[in-house]
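See below for the structure under consideration.
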Amino acid sequence: IVTFKITISFIALGISGKSQLLFALVFTTRYLDLFTSFISLYNTSMKLIYIACSYATVYLIYMKFKATYDGNHDTFRVEFLIVPVGGLSFLVNHDFSPLEILWTFSIYLESVAILPQLFMISKTGEAETITTHYLFFLGLYRALYLVNWIWRYYFEGFFDLIAVVAGVVQTVLYCDFFYLYVTKVLKGKKLSLPA
Amino acid sequence: EYNVYQHDEL
Chain B
8 IVTFKITISF
18 IALGISGKSQ
28 LLFALVFTTR
38 YLDLFTSFIS
48 LYNTSMKLIY
58 IACSYATVYL
68 IYMKFKATYD
78 GNHDTFRVEF
88 LIVPVGGLSF
98 LVNHDFSPLE
108 ILWTFSIYLE
118 SVAILPQLFM
128 ISKTGEAETI
138 TTHYLFFLGL
148 YRALYLVNWI
158 WRYYFEGFFD
168 LIAVVAGVVQ
178 TVLYCDFFYL
188 YVTKVLKGKK
198 LSLPA
Chain S
50 EYNVYQHDEL
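First to last, the protein sequences are chains B and S. Numbering of the first sequence is given in my numbering, commencing with residue 8 and proceeding in unit increments. Numbering of the second sequence is given in my numbering, commencing with residue 50 and proceeding in unit increments.
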C-alpha cells in the first residue's frame with residue numbers, strides 16, 4: 008500500500024523514511040532463509056514481494072521523491088531501537104547461530120519499526136487517509152497472527168514464544184492508532200490530532 | 050514436533 012501510495016501520488020510527504028528503512032532491514036534479515044529452506048511457493052513469493060516493496064519504498068523516499076520527503080518531522084532516533092533490539096536478539100533467541108540471531112533481530116525490530124512513523128504523525132498532528140489505511144492493515148496483519156497462533160497452539164502444538172511476545176508488543180503499539188482509525192477515519196474524517 | 054528453526058511464517 009505504501010509503495011503504491013508514493014508511486015501514484017509522486018510525493019513521500021507524511022511517510023517516515025526511517026520506518027521504511029527499518030522495515031527493509033527487517034525483511035532482509037528475516038528472509039535470509041530464502042537461501043536455506045523452502046516452505047511453499049506462496050511463502051517464497053510473499054518474502055520476495057515484501058523485500059522488493061520495502062526497498063522500492065526506501066528508493067522512492069530517499070532518491071526519486073526526496074524533495075517531497077518531510078525529513079524535518081522524521082526525527083525519531085532509530086539507534087534507540089536498533090541497539091537494544093540488537094542486544095536482545097543476542098541474549099534471547101532459539102539458537103545462538105548467525106541466521107537464527109538475525110531472524111530474532113528481525114522479529115524484535117519489526118515489533119517497534121513503526122514507532123518513527125507514529126512519532127512523525129504525533130509531531131505533524133495529521134495523516135493522509137491512504138497513509139492511515141496502510142498503517143491499519145500493517146497493524147492488522149500482525150494482530151491476525153495472534154488469532155492464528157492460538158489456533159496453531161491448539162491444533163498443531165505450535166508455539167514460538169519469541170514471535171508471540173513480539174507480536175503482542177507490536178499489536179499493542181498499534182492499539183492507540185486503531186482507536187483513532189475506527190473513531191475518525193472510518194467515519195469519513197481525516198486523521199488529525201488536537202494540537 | 051514443530052522445528053522452530055524452520056520458520057514458516059512471514
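Heads up, the beta-carbon is just placed ideally off N, CA and C, and yes, glycines get one too.
For B/LYS160, count neighbouring Cβ atoms within 10 angstroms of its own Cβ and tell me buried if that reaches 16, exposed if not.
According to the sequence shown, residue 160 of chain B is Tyr rather than Lys. Classification for B/TYR160: exposed.
Give a yes or no on whether the C-beta atoms belonging to B/ILE68 and B/ILE22 are separated by under 8 Å.
One thing to note: B/ILE68 has its Cβ within 8 Å of the Cβ of B/ILE22.
Apart from the five residues on each side of it in sequence, which residues of its chain come closer than 7 Å, Cβ to Cβ, to B/ILE108?
Answer for B/ILE108: SER96, PHE97 and ASN100, listed in chain order.
With 16 other Cβ atoms within 10 Å as the buried cut-off, status of B/TRP110
B/TRP110 should be labelled buried.
Kindly say whether B/TRP158, judged by its beta-carbon, lies nearer than 8 Å to any beta-carbon of chain S.
Residue-level contact check: B/TRP158 does not touch chain S, since none of the beta carbons of chain S fall below 8 Å from its beta carbon.
Give every residue of the same chain whose Cβ lies closer than 6 Å to the Cβ of B/ALA150, excluding the five residues on either side of it in the sequence, and list them in chain order.
THR178.
Using a Cβ-Cβ distance under 8 Å, would B/ASN100 count as near chain S?
By the rule that beta-carbons nearer than 8 Å mark a contact, B/ASN100 does not touch chain S.
Helix, strand or coil at B/GLU133 according to DSSP, with G and I counted as helix
For B/GLU133, the secondary structure class from DSSP, reduced to helix, strand or coil, is strand.
Contacting positions in the segment 38-57 of chain B - beta carbon closer than 9 Å to chain S
Of all residues in the segment 38-57 of chain B, TYR38, ASP40, THR43, SER44, ILE46, SER47, ASN50, MET53, LYS54 and TYR57 have a Cβ within less than 9 Å of some Cβ in chain S.
Roughly how far, in whole angstroms, is the beta-carbon of B/LEU193 from the beta-carbon of B/ILE121, given that I think they are within contact range, below 8 Å?
A Cβ-Cβ distance of about 20 Å is found for the pair B/LEU193 and B/ILE121, leaving them out of contact under the 8 Å criterion.
Sorted by chain position, which residues of the same chain lie with C-beta nearer than 6 Å to B/LEU145's C-beta, five sequence neighbours on each side aside?
Once the five neighbours on either side are set aside, B/LEU145 has no close Cβ partner at all.
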